[in-house]
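Quick notes on the structure that follows.
Protein chains: 2
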Amino acid sequence: MGAVPVWLRERRSGVGRPAERSRAEVTAAAIALADREGLAAVSMRRVAAELGTGAASLYRYVDSRDDLLDLMTDEVAAAYELPPPGPWLPGLLEVCRQGRELMRRHAWLPELVLTRSALGPHGTDLLEQVLEILAGHPADVGRKLEAFAVMNALTAALTLSELDVGARQRQGAYLAHAVAAGRHPHLTAALTGGSPVPAPHFEDTISRVLVGLLGE
Amino acid sequence: MGAVPVWLRERRSGVGRPAERSRAEVTAAAIALADREGLAAVSMRRVAAELGTGAASLYRYVDSRDDLLDLMTDEVAAAYELPPPGPWLPGLLEVCRQGRELMRRHAWLPELVLTRSALGPHGTDLLEQVLEILAGHPADVGRKLEAFAVMNALTAALTLSELDVGARQRQGAYLAHAVAAGRHPHLTAALTGGSPVPAPHFEDTISRVLVGLLGE
DNA sequence: CTCATTCGGGAACGGTGTTCGCGAACACCG
DNA sequence: CGGTGTTCGCGAACACCGTTCCCGAATGAG
Numbered sequence: 001m002g003a004v005p006v007w008l009r010e011r012r013s014g015v016g017r018p019a020e021r022s023r024a025e026v027t028a029a030a031i032a033l034a035d036r037e038g039l040a041a042v043s044m045r046r047v048a049a050e051l052g053t054g055a056a057s058l059y060r061y062v063d064s065r066d067d068l069l070d071l072m073t074d075e076v077a078a079a080y081e082l083p084p085p086g087p088w089l090p091g092l093l094e095v096c097r098q099g100r101e102l103m104r105r106h107a108w109l110p111e112l113v114l115t116r117s118a119l120g121p122h123g124t125d126l127l128e129q130v131l132e133i134l135a136g137h138p139a140d141v142g143r144k145l146e147a148f149a150v151m152n153a154l155t156a157a158l159t160l161s162e163l164d165v166g167a168r169q170r171q172g173a174y175l176a177h178a179v180a181a182g183r184h185p186h187l188t189a190a191l192t193g194g195s196p197v198p199a200p201h202f203e204d205t206i207s208r209v210l211v212g213l214l215g216e
Numbered sequence: 001m002g003a004v005p006v007w008l009r010e011r012r013s014g015v016g017r018p019a020e021r022s023r024a025e026v027t028a029a030a031i032a033l034a035d036r037e038g039l040a041a042v043s044m045r046r047v048a049a050e051l052g053t054g055a056a057s058l059y060r061y062v063d064s065r066d067d068l069l070d071l072m073t074d075e076v077a078a079a080y081e082l083p084p085p086g087p088w089l090p091g092l093l094e095v096c097r098q099g100r101e102l103m104r105r106h107a108w109l110p111e112l113v114l115t116r117s118a119l120g121p122h123g124t125d126l127l128e129q130v131l132e133i134l135a136g137h138p139a140d141v142g143r144k145l146e147a148f149a150v151m152n153a154l155t156a157a158l159t160l161s162e163l164d165v166g167a168r169q170r171q172g173a174y175l176a177h178a179v180a181a182g183r184h185p186h187l188t189a190a191l192t193g194g195s196p197v198p199a200p201h202f203e204d205t206i207s208r209v210l211v212g213l214l215g216e
């Protein structure tokens, strides 16, 4: 054990006292809690309380908190409704659009996707679909797998900065200070040039990146 | 306060007992500790012990642990040695190449860059340089700023997965299982097709993404 | 009914970030 | 020199945290 992911350490069954809950129930409770109060609130004690049980009991279903986080991520990935076959670019864009939607619905997701890229059953299904969308594409396997990774990471990173208004405010505060200090001419020109900075749209950005990666 | 970043909450001075340490010293101790034992080891108590002092003392230099993490990130960004003026693509590639090198030297950096994108003085200098490199480029300001964000996020994400061998192993273990189960034809074809999957190189990937984003 | 086996979970261990408050150390002022 | 205002250092405490131990309870099999 150690190099073996959560999903392979399934519950054996048969003899003994039957469990009162399931891994899915624990995962759902954790997701509900994270949706309501953020990732930081997902502690073993809080999740257990959500289920009306004790913290130690959770370790019957999960080896560690990190395992639970992986389960949460993969569980959400079950909600992808994959697009019908068609040209690859619109197909991948739709996947990204849905990913962004999932992350907006679960504001804790981007952080998990970025810091622990764990492929569970649903994540694997998604990868399979992406490979199917790219089936006719001439790029080699390595590049396709990389496109998948870049898609996910970029969607998460862009959605995260989109959601984290606190960070944007602090950033703005410091940039304003830097401009006022006067030692950053290009930055000053960029930030004071006429209208408020036009923000590129998510789909446009992802689209350009994908085209750059996989060709027209 | 709250929307005001660490760097603007500078130490006022003059009267009173002089401080025995400096913010820079605290930051350096935290970086040394993180380099040696990882980000998880950077607790207020451990950093304080590194300096031979008590945990509570650190709060004279920093408002919270998160502030300290931001200081660490920005401090490392001081090490960029910016390329001489020239065509924009090689210039940006050099910036990314150096970013990757910094992240390999400080394995805790990618996580911080991905989850808390805080621009401090050195990060702002870097942004200024990137804007200078792009000074002659016809793209509008929004797209240039976005290119900066994408560059950073992608460099961090790629370097992180490069460094995190544990995750790659677990991933491999589960993918092997999925292939064995037989319900993922494209995935199976991709993973069993001839030689080991050819991994695209970092600079090539970043280059394609930048060209997609900013044009040839 | 016995028994191996599993589950539930209170209690405890060794951590964590942060706050409180007090004594000490200094710069300035009279 | 003696206050005095102000800051610094930091032990102690608070409210948590993840995880492990261990024992009693529950169960299905024989």
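Just so you know, the sequences run in chain order P and B. Position one of the first sequence corresponds to residue 1 (the UniProt record's numbering), numbered consecutively onward. Position one of the second sequence corresponds to residue 1 (the UniProt record's numbering), numbered consecutively onward. Yeah, the Cβ is synthetic: ideal placement off N, Cα and C, and Gly gets one too. The structure displayed is predicted, hence computed values, not measured ones.
Determine whether the Cβ of B:A137 lies closer than 7 angstroms to any Cβ atom of chain P.
Here residue 137 of chain B corresponds to residue number 137 of the second sequence, with the count starting at 1. Looking at the sequence itself, residue 137 of chain B is His, so the reference to Ala does not match. No, B:H137 does not count as interfacial toward chain P.
To test your reading of the DSSP string, which unbroken alpha helix (DSSP H) runs of 4 or more residues are found completely within the segment 150-207 of chain P?
Listed in chain order, they are 165-181 and 185-192.
Relative to the C-alpha of B:E132, which candidate in B:S64, B:R208, B:V209 and B:L92 has its C-alpha closest?
Within the second sequence, residue 132 of chain B is the residue found at index 132, counting from 1. That would be B:L92, whose Cα lies nearest to the Cα of B:E132.
Determine, using beta carbons only, whether P:A169 and B:A118 come nearer to each other than 7 angstroms.
As a working mapping, residue 169 of chain P is identified with position 169 in the first sequence. As a working mapping, residue 118 of chain B is identified with position 118 in the second sequence. Here residue 169 of chain P turns out to be Gln, not Ala, going by the sequence shown. No; because the gap between Cβ atoms is not below 7 angstroms, this pair is not in contact.
Report yes or no: is there a C-beta of chain P within less than 7 angstroms of the C-beta of B:R97?
By 1-based counting over the second sequence, the position of residue 97 of chain B is 97. So, not an interface residue.
For P:A48 versus P:L39, is the C-beta distance shorter than 7 angstroms?
For the purposes of this step, residue 48 of chain P is identified with residue 48 of the first sequence, where counting begins at 1. For the purposes of this step, residue 39 of chain P is identified with residue 39 of the first sequence, where counting begins at 1. Not in contact: P:A48 and P:L39 (Cβ atoms no closer than 7 angstroms).
Between P:G212 and B:G212, how many whole angstroms is the CB-CB distance? I'm expecting something under 8 angstroms.
For the purposes of this step, residue 212 of chain P is identified with residue 212 of the first sequence, where counting begins at 1. For the purposes of this step, residue 212 of chain B is identified with residue 212 of the second sequence, where counting begins at 1. With a Cβ gap of about 2 angstroms, P:G212 and B:G212 count as contacting.
In chain order, which continuous runs of the beta strand (DSSP E) of length 3 or greater are located wholly inside the UniProt domain "HTH tetR-type" (20-80) of chain P?
Segments of the beta strand (DSSP E) lying fully in the UniProt domain "HTH tetR-type" (20-80) of chain P: there are none.
Would you say B:G91 lies against chain P (beta-carbon separation less than 7 angstroms)?
In the second sequence, counting from the first residue as 1, residue 91 of chain B sits at position 91. So, not an interface residue.
Can you pull out the residues from the segment 108-133 of chain B whose beta carbon lies closer than 8 angstroms to at least one beta carbon of chain P?
Cβ contacts with chain P: E111, L114, T115, R116, S117, A118, L119, G120, P121, T124, D125, L127, E128, L131 and E132.
Distance check for B:L214 and P:T205, CA to CA, integer angstroms please.
Reading the first sequence from its first residue, position 205 is the one you call residue 205 of chain P. Reading the second sequence from its first residue, position 214 is the one you call residue 214 of chain B. If you take the alpha carbons of P:T205 and B:L214, they lie about 10 angstroms apart.
On a CA-only basis, which of P:E162, P:T192, P:D164 and P:G166 is nearest P:A176? Give me that one, please.
On the first sequence, residue 176 of chain P is found 176 positions in, with the first residue counted as 1. Per the Cα distances, P:T192.
Which class does P:V211 belong to by DSSP, given the choice of helix, strand or coil?
By 1-based counting over the first sequence, the position of residue 211 of chain P is 211. If DSSP states are grouped into helix, strand and coil, P:V211 belongs with the helices.
Give the residues of chain B in contact with P:G212, contact being defined as C-beta atoms less than 7 angstroms apart.
Within the first sequence, residue 212 of chain P is the residue found at index 212, counting from 1. Here the neighbours are R208, V209, V211, G212 and L213.
Going by CA-CA distance only, name the one from P:L89, P:M44, P:V76 and P:Y61 that's closest to P:F148.
Taking the first sequence and counting its residues from 1, the one referred to as residue 148 of chain P is at position 148. Of the listed residues, the one whose Cα sits closest to P:F148 is P:L89.
Nearest CA to the CA of residue 291 of chain B: which residue from P:A30, P:V15, P:V141 and P:R17?
An answer regarding residue 291 of chain B cannot be provided, because it is not within the stretch 1 to 216 covered by chain B.
Would you call the segment 23-38 of chain B in contact with the segment 103-115 of chain B, where contact means no fewer than 3 C-beta pairs closer than 8 angstroms?
Yes, the segment 23-38 of chain B touches the segment 103-115 of chain B.
Helix, strand or coil: which one does DSSP assign to B:A135?
Residue mapping note: residue 135 of chain B aligns to position 135 of the second sequence, counting from 1. It is coil, neither helix nor strand.
Using 10 angstroms around the beta-carbon of B:R60, count the other beta-carbons present and answer buried if the total reaches 16, otherwise exposed.
Numbered from 1 along the second sequence, position 60 holds the residue referred to as residue 60 of chain B. Classification for B:R60: exposed.
Helix, strand or coil for P:G120? Go by DSSP, reduced to three states.
Sequence index remark: in the first sequence, residue 120 of chain P carries index 120 (1-based). Here P:G120 sits in coil by DSSP.
Would you report the Cα separation of B:V197 and P:V6, rounded to the nearest angstrom?
As a first step, residue 197 of chain B must be located in the second sequence, where it is residue number 197. As a first step, residue 6 of chain P must be located in the first sequence, where it is residue number 6. Near 25 angstroms, if we compare the C-alpha coordinates of P:V6 and B:V197.
Under 8 angstroms by Cβ, that's how I've got P:V150 and B:L112 pegged, so tell me the actual separation to the nearest angstrom.
Locating residue 150 of chain P in the first sequence gives position 150, where the first residue counts as 1. Locating residue 112 of chain B in the second sequence gives position 112, where the first residue counts as 1. About 20 angstroms; that fails the 8 angstroms criterion.
In the structure shown, what three-state DSSP assignment does B:D125 receive?
As a first step, residue 125 of chain B must be located in the second sequence, where it is residue number 125. B:D125 falls in the helix class under three-state DSSP.
Could you give the distance in angstroms between the alpha-carbon of B:D70 and the alpha-carbon of P:A79?
The count along the second sequence starts at 1 and reaches residue 70 of chain B at position 70. The count along the first sequence starts at 1 and reaches residue 79 of chain P at position 79. B:D70 and P:A79: Cα-Cα distance of roughly 35 angstroms.
Which chain B residues sit within Cβ distance under 7 angstroms of P:H106?
As a working mapping, residue 106 of chain P is identified with position 106 in the first sequence. Result: empty, since nearest Cβ-Cβ is about 16 angstroms, beyond 7 angstroms.
For the segment 50-63 of chain B, which residues have a CB atom closer than 9 angstroms to at least one CB atom of chain P, in sequence order?
The residues in question: there are none.
Taking Cβ-Cβ distances shorter than 7 angstroms, what residues in chain B pair up with P:T159?
Numbered from its first residue, the first sequence carries residue 159 of chain P at position 159. Within chain B, no residue comes near P:T159; the closest Cβ sits about 11 angstroms away, beyond 7 angstroms.
Would P:A199 pass as an interface residue toward chain B - the criterion being a Cβ-Cβ separation below 7 angstroms?
The residue given as residue 199 of chain P occupies position 199 in the first sequence. Interface residue, yes.
Could you list which residues in chain P have their beta carbon closer than 7 angstroms to that of B:D66, in chain order?
As a first step, residue 66 of chain B must be located in the second sequence, where it is residue number 66. Within chain P, no residue comes near B:D66; the closest Cβ sits about 11 angstroms away, beyond 7 angstroms.
How about P:R65 and P:A55: do their beta carbons lie closer than 7 angstroms?
What you label residue 65 of chain P is simply residue 65 of the first sequence in a count that begins at 1. What you label residue 55 of chain P is simply residue 55 of the first sequence in a count that begins at 1. Result no, Cβ atoms of P:R65 and P:A55 do not sit closer than 7 angstroms.
What is the rounded straight-line gap between the Cα of P:G14 and the Cα of P:L114?
One-based indexing of the first sequence puts residue 14 of chain P at position 14. One-based indexing of the first sequence puts residue 114 of chain P at position 114. Looking at the two C-alpha atoms, the distance is approximately 38 angstroms.
Take the Cβ of P:E75 as the centre, count every other Cβ of all protein chains shown within 10 Å, and call the residue buried at 16 or more, exposed below.
Against the first sequence, residue 75 of chain P aligns to sequence position 75. The residue is buried, with at least 16 neighbouring Cβ atoms inside 10 Å.
Please check the pair B:E159 and B:R104, which I expect to be a contact at CB under 8 angstroms, by giving their CB distance rounded to whole angstroms.
Indexing the second sequence from 1 puts residue 159 of chain B at position 159. Indexing the second sequence from 1 puts residue 104 of chain B at position 104. Here residue 159 of chain B turns out to be Thr, not Glu, going by the sequence shown. B:T159 to B:R104, Cβ: 7 angstroms. Contact.
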